[in-house]
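Colleague:
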Amino acid sequence: MKAKYDKMFLGLLAGVFAPTLVFFIVYIVKYMGTYSLQTILSQIQTLELTSKIIALCVFLANLLVFYLMYRLRWDKFCKGVLLATFIYAFLVISIKYF
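Per our numbering, the very first residue in the sequence shown carries number 128; after that it's consecutive.
#1: Would you mind sorting residue 141 into buried or exposed? The rule is 16 or more other CB atoms within 10 Å of its CB.
#2: Mapping the DSSP letters down to three states, classify residue 162 as helix, strand or coil.
#3: Is there contact here, the region 135–150 with the region 181–188, by at least three beta-carbon pairs under 8 Å?
#4: How should residue 194 be labelled, buried or exposed, when 16 other C-beta atoms within 10 angstroms of its C-beta is the threshold for buried?
#5: Residue 130 to residue 165, Cα distance in whole Å?
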């Protein structure tokens, strides 16, 4: 089983989509009945919290994915997750300072 899924590309995909999944899970659990998704996103942009929300979702999601795959010794998968984290870090720095 390890050889089939231990691929850097799959780790990159997981690292890119896991933070989005975390954001939507938090939205569904906390705000779904109260506010629309459009309202939440506009408030995040208005309050200039975009970089902080992205960083928090990336930290929580990718840390969990990285830890679980590291325990399974899927090293190539972990490299993909780490690469996705660096891409998000570049995005957060770009949003925050430019």
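Even for Gly, the Cβ is constructed at its ideal location relative to N, Cα and C. Note that the structure is a prediction, hence the values are computed from the model and not measured.
Modeller: Judging by the given coordinates:
#1: buried
#2: coil
#3: yes
#4: Per the 10 Å Cβ criterion, exposed.
#5: 41 Å
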